[in-house]
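J.: To start, I am sharing the structure in question, which I have written as structure tokens.
Protein chains: 4
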Amino acid sequence: MNVVVVVGNPKTGSRTRQAADLLARRLTGNPPDASIELADLGPALLGWGSPEVEAAKESVRGADLVVFASPTFKATYSGLLKLFLDQFSAGELAAKPAVALMLGASPHHALAGEHTLKPVLSEIGCSCPAPALFLLDQAWESSPELEAWLARAAVAHGLPGAAGEPGEPGAAGAAGEAR
Amino acid sequence: MNVVVVVGNPKTGSRTRQAADLLARRLTGNPPDASIELADLGPALLGWGSPEVEAAKESVRGADLVVFASPTFKATYSGLLKLFLDQFSAGELAAKPAVALMLGASPHHALAGEHTLKPVLSEIGCSCPAPALFLLDQAWESSPELEAWLARAAVAHGLPGAAGEPGEPGAAGAAGEAR
Amino acid sequence: MNVVVVVGNPKTGSRTRQAADLLARRLTGNPPDASIELADLGPALLGWGSPEVEAAKESVRGADLVVFASPTFKATYSGLLKLFLDQFSAGELAAKPAVALMLGASPHHALAGEHTLKPVLSEIGCSCPAPALFLLDQAWESSPELEAWLARAAVAHGLPGAAGEPGEPGAAGAAGEAR
Amino acid sequence: MNVVVVVGNPKTGSRTRQAADLLARRLTGNPPDASIELADLGPALLGWGSPEVEAAKESVRGADLVVFASPTFKATYSGLLKLFLDQFSAGELAAKPAVALMLGASPHHALAGEHTLKPVLSEIGCSCPAPALFLLDQAWESSPELEAWLARAAVAHGLPGAAGEPGEPGAAGAAGEAR
């Protein structure tokens, strides 16, 4: 299963990136096939048709599952992530399975993914069967919310190992790596 | 496949009901196993624990797919539908596949399902892999929006029949039955 | 200043009601002119044209400021409140100043008012210059959120008394404790 | 009255810009004091602390009324506009009166301003007493929606001339100039 992570944090190597990578590992037992740091694309995202942006889009189009990850800025996803989503046409991703992941400083913004990110992903054609996942940026590595979400997402996405058994290569191992 | 339709129109036999039944047929090739007219439950929805309401919930819990259908009132779902959704606890429907369907008089409210109904369905645990479907109430039986949605929803839900049966004018056959 | 409170809690005398009444006092220095418990209207809200419902609407139409208050059910306002809002036609309240107040058990739903209640109030014509106020139902009487909101709302609404009057039992007392 | 327009269209001189300028004229009888084309700020918006961006923010902070205008991209505001809004801290604009204006190709996205742009403006502290205005980009200059909105917004904002009398310098005259 080809999993691609898209990271909308203006800073590379952020907790947003790490949490998204962890999520990919927890969902499939493997690291993501690609992690696209939108911060690396920079000004190319302000126009249309850049080859670097096109390559990132191609990577997304080729994935079996995409994790769209954003810090919470102004109670919603970052402008940087939106710049990239704006590069797709409506419906372009044709029922592509996707996960909406947001990290935030306060639980008060926990509804942001459901109310703001998922509708945009839906507009560009993604299929988001699982609820949006919101993680406190101080507790993204291990939280009851993460485990509960993984259990439900595994069912919603028809994925194998979300909950993970101790000693399993997938979930548990991956979680270990992330610490 | 057990498909249950939930109709949030205060008037029974409404276009909302008919459109929801049609959608069930178009998705599976069969009429829904049950169509719950919330208007029939009436005041029982204002309290908690009514046997009639419990039976309706049980029907929803036992379905393989639920179509939640509402007219557009005040740019969102009806209060009647919300009364019923309020009867479920958070996460109760445990990744139950669901479709959000809204009928409205004007295209100006087309985003209502995505922004208002799907988040509530998600909160009670539903999995909504397809986009919300919005149909003009004057054109619910046959519209390009319906056909495009069915094609995409079939992929998103892993369903067979959205495109109709071979030899059928497709949509047309099922639509014919609905009249 | 004629202030009317509308309470969408299925139980009368709820914390939702008490918080809404407090808010009215804090905003104006006086108790509300009327507090409409929608639970008292009961089944009349399931149809159209009931005299009791019409009287409640008339009270709202005659107010200078309306506080719409709801518990958080399924991450949004209650079905009971929506039944009442559905009784108004689009734009009917003609720029009526209004406040959206929600009480919830968890801060995770703090965005509900902004994303779900204010858009409906806007659709029926209300003007909501202040942000939606979300209060934890365990801490509705005194919280930093309340004080911060009052300060901002007083500016947004051009109201005098957000901070309450010294010596008052209601507003001032609570405010005093909060300082 | 100092009115500032913020334009989130990646192309300068767009219909978004023209519609926003018209709106400012219709609301006050005068052209806006400043029209900030975010496209001119370019890559400076991808980081923090640029002097050009700071000057634009200062202009917004000094306004009596701000029109935030965006094309509809992916059923919501543009990533470019969000980059600029991300530059403000939560609550920074301290009850600043603001208008949310979106232009779109299809009426299907008419709810975008209410559901997506206004909540962000609220988060950075703006006060948006009027409903979001959505204009079809083919008909932004003259539409019944515009006139109805102006009448209501004038009341909500306590502005003078929105509806405009024939011969008045404000509304009507300005509208005439814009055609």
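Chains as they are written, first to last, in the numbering used here: chain A, 1 to 179; chain B, 180 to 358; chain C, 359 to 537; chain D, 538 to 716.
The beta-carbon is built from N, C-alpha and C at its ideal position, and this holds for glycine as well.
1. Contact defined as beta carbons within less than 8 angstroms: I believe Glu141 of chain A pairs with Leu22 of chain A. What is the distance between those atoms, to the nearest angstrom?
2. Give, in chain order, every residue of the stretch 476–489 of chain C whose Cβ lies closer than 8 angstroms to some Cβ of chain B.
3. Is Glu678 of chain D helix, strand or coil when you go by DSSP?
4. Can you pull the chain B neighbours of Ala647 of chain D, defined as C-beta to C-beta under 7 angstroms?
5. Do you know how far the Cα of Glu481 of chain C is from the Cα of Gly449 of chain C?
6. Identify the residues that DSSP records as bridge partners of Phe671 of chain D: which are they?
7. Can you tell me the Cβ-Cβ gap for Ala637 of chain D and Lys655 of chain D, rounded? I've got them flagged as a contact below 8 angstroms.
8. At a CB distance below 9 angstroms, what residues from the stretch 68–97 of chain A approach chain B? Give them in sequence order.
9. Relative to chain B, which residues along the stretch 388–408 of chain C have a C-beta separation below 9 angstroms, given in chain order?
10. Taking buried to mean at least 16 other C-beta atoms within 10 Å of its own C-beta, is Gly62 of chain A buried or exposed?
11. Would the beta-carbon of Arg17 of chain A fall within 8 angstroms of that of Val6 of chain A?
12. Given 8 angstroms as the limit, is there contact between the stretch 306–314 of chain B and the stretch 120–140 of chain A, that is, 3 or more CB pairs closer than that?
13. Could you tell me which uninterrupted beta strand (DSSP E) segments, each at least 3 residues in length, are contained entirely in the stretch 584–670 of chain D, listed from first to last along the chain?
14. Under a CB-based cut-off of 8 angstroms, is His294 of chain B close to chain D?
15. Taking 8 angstroms as the threshold (beta carbon to beta carbon), is Arg15 of chain A in contact with chain B?
16. Do you know how far the Cα of Lys548 of chain D is from the Cα of Gly42 of chain A?
17. Between B:Glu231, B:Trp328, B:Leu225, which lies nearest to Met281 of chain B when the distance is taken from Cα to Cα?
18. Smallest Cα separation from Val366 of chain B: which of B:His288, B:Leu290, B:Arg205?
19. Look at the Cβ atom of Ser257 of chain B, then the Cβ atom of Asp398 of chain C, and state whether they are nearer than 8 angstroms.
20. Using the Cα positions of Ala642 of chain D and Leu617 of chain D, report the straight-line distance between them to the nearest angstrom.
21. Is Pro10 of chain A close to chain D? Criterion is C-beta to C-beta, closer than 8 angstroms.
22. Should Pro230 of chain B be labelled buried (16 or more other beta-carbon atoms within 10 Å of its own) or exposed?
23. Name the chain C residues that come within less than 9 angstroms of Arg689 of chain D, Cβ to Cβ?
24. If you measure from the beta carbon of Gly513 of chain C to each beta carbon in chain D, is any gap under 8 angstroms?
25. Which same chain residues end up closer than 7 angstroms to Ala162 of chain A when comparing Cβ atoms and leaving out the 5 residues on each side of it in sequence?
26. Chain E beta carbons: is any one of them nearer than 8 angstroms to that of Asp137 of chain A?
27. Beta strand (DSSP E) containing Ala213 of chain B: first to last residue?
28. Tell me, to the nearest whole angstrom, how far the beta carbon of Val120 of chain A is from that of Ala612 of chain D; I am working on the premise that it is less than 8 angstroms.
29. If you check the beta carbons only, do Ala24 of chain A and Thr72 of chain A fall under 8 angstroms apart?
30. Is the beta carbon of Ile394 of chain C sitting closer than 8 angstroms to the one on Ala377 of chain C?
31. Write down the C-beta distance between Leu403 of chain C and Leu451 of chain C rounded to the nearest angstrom, noting that I regard them as a contact closer than 8 angstroms.
32. Have a look at B:Val183, B:Glu293, B:Phe267 and flag the residue whose alpha-carbon is nearest the alpha-carbon of Glu233 of chain B.
33. Please report how far the alpha carbon of Gly228 of chain B lies from the alpha carbon of Gly566 of chain D, in whole angstroms.
34. Measuring only the C-alpha atoms, how far is Ser551 of chain D from Asp674 of chain D?
T.: Answer, in terms of the structure:
1. Counting from 1 along the first sequence, the entry for residue 141 of chain A is found at position 141. Counting from 1 along the first sequence, the entry for residue 22 of chain A is found at position 22. That pair is a contact at about 7 angstroms.
2. Against chain B - using a Cβ distance shorter than 8 angstroms - the residues of the stretch 476–489 of chain C are Pro477, Val478, Glu481, Ile482.
3. Numbered from its first residue, the fourth sequence carries residue 678 of chain D at position 141. DSSP places Glu678 of chain D in the coil class of the three-state scheme, outside both helix and strand.
4. Residue numbering aside, residue 647 of chain D sits at position 110 when the fourth sequence is read from its first letter. Within chain B, His287 have C-beta atoms less than 7 angstroms from the C-beta of Ala647 of chain D, given in sequence order.
5. Along the third sequence, one-based indexing puts residue 449 of chain C at 91. Along the third sequence, one-based indexing puts residue 481 of chain C at 123. Looking at the two C-alpha atoms, the distance is approximately 6 angstroms.
6. Stepping through the fourth sequence from its first residue, residue 671 of chain D is reached at position 134. Beta-bridge partners assigned by DSSP to Phe671 of chain D: D:Met639.
7. As a working note, residue 637 of chain D is residue 100 in the fourth sequence. As a working note, residue 655 of chain D is residue 118 in the fourth sequence. Their Cβ separation, rounded to whole angstroms, is 5 angstroms, which keeps Ala637 of chain D and Lys655 of chain D in contact under 8 angstroms.
8. Residues passing the 9 angstroms Cβ filter: Gly91, Ala94, Ala95, Pro97.
9. Hits within the stretch, in order: Ala397, Gly400, Pro401, Leu403, Leu404, Gly405, Trp406.
10. Numbered from 1 along the first sequence, position 62 holds the residue referred to as residue 62 of chain A. Answer is exposed; the Cβ neighbour count stays below 16.
11. For this step, residue 17 of chain A is matched to residue 17 along the first sequence. For this step, residue 6 of chain A is matched to residue 6 along the first sequence. Result no, Cβ atoms of Arg17 of chain A and Val6 of chain A do not sit closer than 8 angstroms.
12. Output reads yes: the stretch 120–140 of chain A touches the stretch 306–314 of chain B.
13. Qualifying beta strand (DSSP E) stretches, in chain order: 602–608, 635–641.
14. Locating residue 294 of chain B in the second sequence gives position 115, counting from the first residue. Chain D, which has a Cβ nearer than 8 angstroms to the Cβ of His294 of chain B, makes this yes.
15. Sequence index remark: in the first sequence, residue 15 of chain A carries index 15 (1-based). No, because no Cβ of chain B sits closer than 8 angstroms to the Cβ of Arg15 of chain A.
16. Reading the first sequence from its first residue, position 42 is the one you call residue 42 of chain A. Reading the fourth sequence from its first residue, position 11 is the one you call residue 548 of chain D. Between Gly42 of chain A and Lys548 of chain D, the C-alpha separation is close to 18 angstroms.
17. Reading the second sequence from its first residue, position 102 is the one you call residue 281 of chain B. Selection B:Glu231, B:Trp328, B:Leu225 evaluated against Met281 of chain B yields B:Trp328 as nearest (Cα-Cα).
18. Nothing about residue 366 of chain B can be read from this structure; chain B reaches only from 180 to 358.
19. Here residue 257 of chain B is taken as the residue at index 78 of the second sequence, counted from 1. Here residue 398 of chain C is taken as the residue at index 40 of the third sequence, counted from 1. Their beta carbons are not under 8 angstroms apart, which means Ser257 of chain B does not touch Asp398 of chain C by this criterion.
20. Here the question's residue 642 of chain D lines up with position 105 in the fourth sequence. Here the question's residue 617 of chain D lines up with position 80 in the fourth sequence. Distance between the alpha carbons of Ala642 of chain D and Leu617 of chain D: 18 angstroms.
21. Position 10 of the first sequence, counted from the start, is the residue given in the question as residue 10 of chain A. Judged by the 8 angstroms Cβ criterion, Pro10 of chain A is in contact with chain D.
22. Counting from one through the second sequence, the residue named residue 230 of chain B turns up at place 51. Pro230 of chain B counts as exposed, since fewer than 16 other beta carbons sit within 10 angstroms of its beta carbon.
23. Within the fourth sequence, the letter at position 152 stands for residue 689 of chain D. Per Cβ cutoff of 9 angstroms: Gly449, Ala452, Ala453, Gly483, Ser485.
24. Here residue 513 of chain C is taken as the residue at index 155 of the third sequence, counted from 1. The amino acid at residue 513 of chain C is misidentified as Gly; the sequence shows Val. Taking CB atoms only, Val513 of chain C has a neighbour in chain D less than 8 angstroms away.
25. Taking the first residue of the first sequence as 1, we reach residue 162 of chain A at position 162. With a pLDDT of only 45 at Ala162 of chain A, under 50, the local geometry of the prediction cannot be trusted, and the value read off the model is given with reservation. The answer, listed in chain order, is Arg26, Leu27, Leu150, Ala151, Ala153, Ala154, Ala171.
26. Judged by its chain identifiers, the structure shown contains no chain E, and its protein chains are A, B, C and D.
27. Here residue 213 of chain B is taken as the residue at index 34 of the second sequence, counted from 1. Here the beta strand (DSSP E) through Ala213 of chain B covers 213–216.
28. If you number the first sequence from 1, residue 120 of chain A lands on position 120. If you number the fourth sequence from 1, residue 612 of chain D lands on position 75. So it is a contact: roughly 7 angstroms between Cβ atoms.
29. The residue you call residue 24 of chain A lines up with position 24 of the first sequence. The residue you call residue 72 of chain A lines up with position 72 of the first sequence. No, the Cβ-Cβ distance between Ala24 of chain A and Thr72 of chain A is not below 8 angstroms.
30. Residue numbering aside, residue 394 of chain C sits at position 36 when the third sequence is read from its first letter. Residue numbering aside, residue 377 of chain C sits at position 19 when the third sequence is read from its first letter. No; because the gap between Cβ atoms is not below 8 angstroms, this pair is not in contact.
31. Stepping through the third sequence from its first residue, residue 403 of chain C is reached at position 45. Stepping through the third sequence from its first residue, residue 451 of chain C is reached at position 93. Contact check for Leu403 of chain C and Leu451 of chain C: beta-carbon distance about 17 angstroms, past the 8 angstroms limit, so the pair fails to qualify.
32. Here residue 233 of chain B refers to the residue found at position 54 when the second sequence is read from its first residue. Of the candidates B:Val183, B:Glu293, B:Phe267, the one whose C-alpha sits nearest the C-alpha of Glu233 of chain B is B:Phe267.
33. What you label residue 228 of chain B is simply residue 49 of the second sequence in a count that begins at 1. What you label residue 566 of chain D is simply residue 29 of the fourth sequence in a count that begins at 1. Between the C-alpha atoms of Gly228 of chain B and Gly566 of chain D there is a straight-line separation of about 59 angstroms.
34. Position 14 of the fourth sequence, counting from 1, holds the residue named residue 551 of chain D. Position 137 of the fourth sequence, counting from 1, holds the residue named residue 674 of chain D. Their backbone Cα atoms lie some 10 angstroms apart in a straight line.
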